[in-house]
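Residue numbers (our numbering): 696 to 889.
Backbone N, C-alpha and C fix where the C-beta goes; we use that ideal spot for every residue, glycine too.
As the structure is a prediction and not an experimental result, all values here were calculated from the model.
Heads up: the structure comes next, in structure tokens.
See the structure below:
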């Protein structure tokens with residue numbers, strides 16, 4: 696099985712990436728407990744060329760966008776995956792602008808081409824310095840809801856706290872939540888796909 700995580704942070708080596716790594720460790724470990732090898736990849740949007748959506752619907756019936764950037768390559772990865780994780784830092788009580796562009800672009804490609812992501816397991820991860828992460832968590836889950844994707848959850852909302860690089864690893868409850876998210880997502884994947 697394959698799970699692709701999208702890091703919507705402008706910092707590819709920041710707390711959101713660290714949180715996604717923690718989820719991945721739990722996911723892969725639980726997969727092994729089920730006798731499944733789960734391939735886990737993190738795509739950092741900070742390293743990708745990403746343009747805003749033009750709402751042109753030029754992607755209709757093409758399975759790809761007409762813009763010349765990295766979105767089509769990312770969509771192919773998502774289409775071939777069994778599970779998708781979206782992770783975003785909290786910027787002014789919402790997702791990052793890169794994550795919002797990503798959601799709009801991928802969402803339009805998916806919707807105009809027959810719901811290609813439907814049935815894949817989704818999960819969200821939000822990181823904040825202090826507040827606003829619940830809005831981010833909800834915004835990410837709205838994407839999964841409209842894409843007809845079942846959502847994996849954890850023992851608490853999938854939120855971690857940290858400002859400086861690596862600080863999210865010191866959030867004990869956040870780390871445990873992310874580990875449990877990985878376990879629960881693997882359990883769902885194995886039940887739905889295994």
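Beta-carbon within less than 8 Å of residue i's beta-carbon, same chain only, minus the 5 sequence neighbours each way: which residues are those?
{"i": "residue 738", "result": "699, 700, 701, 702, 769 and 772"}
So residue i is in the beta strand (DSSP E); what residue range does that whole segment cover?
{"i": "residue 739", "result": "734-739"}
What's the C-alpha gap between residue i and residue j?
{"i": "residue 900", "j": "residue 867", "result": "The chain is shown from 696 up to 889; residue 900 falls before or after that span and cannot be answered."}
{"i": "residue 874", "j": "residue 767", "result": "30 Å"}
{"i": "residue 857", "j": "residue 713", "result": "10 Å"}
{"i": "residue 881", "j": "residue 871", "result": "15 Å"}
{"i": "residue 879", "j": "residue 848", "result": "7 Å"}
{"i": "residue 816", "j": "residue 843", "result": "9 Å"}
Hey, could you find the ends of the alpha helix (DSSP H) residue i is sitting in?
{"i": "residue 722", "result": "710-728"}
{"i": "residue 830", "result": "828-841"}
{"i": "residue 846", "result": "That residue, residue 846, is in no alpha helix (DSSP H); it is neither H nor E in DSSP."}
{"i": "residue 789", "result": "Taken as a continuous stretch (DSSP letters only), residue 789 belongs to no alpha helix (DSSP H), as it is neither H nor E."}
{"i": "residue 870", "result": "867-888"}
Who are the Cβ neighbours of residue i in its own chain at under 7 Å, not counting the five residues just before and after it?
{"i": "residue 715", "result": "700, 702, 737, 780, 782 and 820"}
{"i": "residue 836", "result": "819 and 846"}
{"i": "residue 800", "result": "748, 760 and 766"}
State the beta-bridge partners of residue i as determined by DSSP.
{"i": "residue 822", "result": "784 and 855"}
{"i": "residue 778", "result": "698 and 816"}
Assuming residue i and residue j make a contact with CB atoms under 8 Å, what is their CB distance in whole Å?
{"i": "residue 765", "j": "residue 744", "result": "5 Å"}
Once you ignore the five residues that flank residue i on each side, which residues in its own chain have a CB closer than 6 Å to its CB?
{"i": "residue 719", "result": "735"}
{"i": "residue 828", "result": "785, 821 and 854"}
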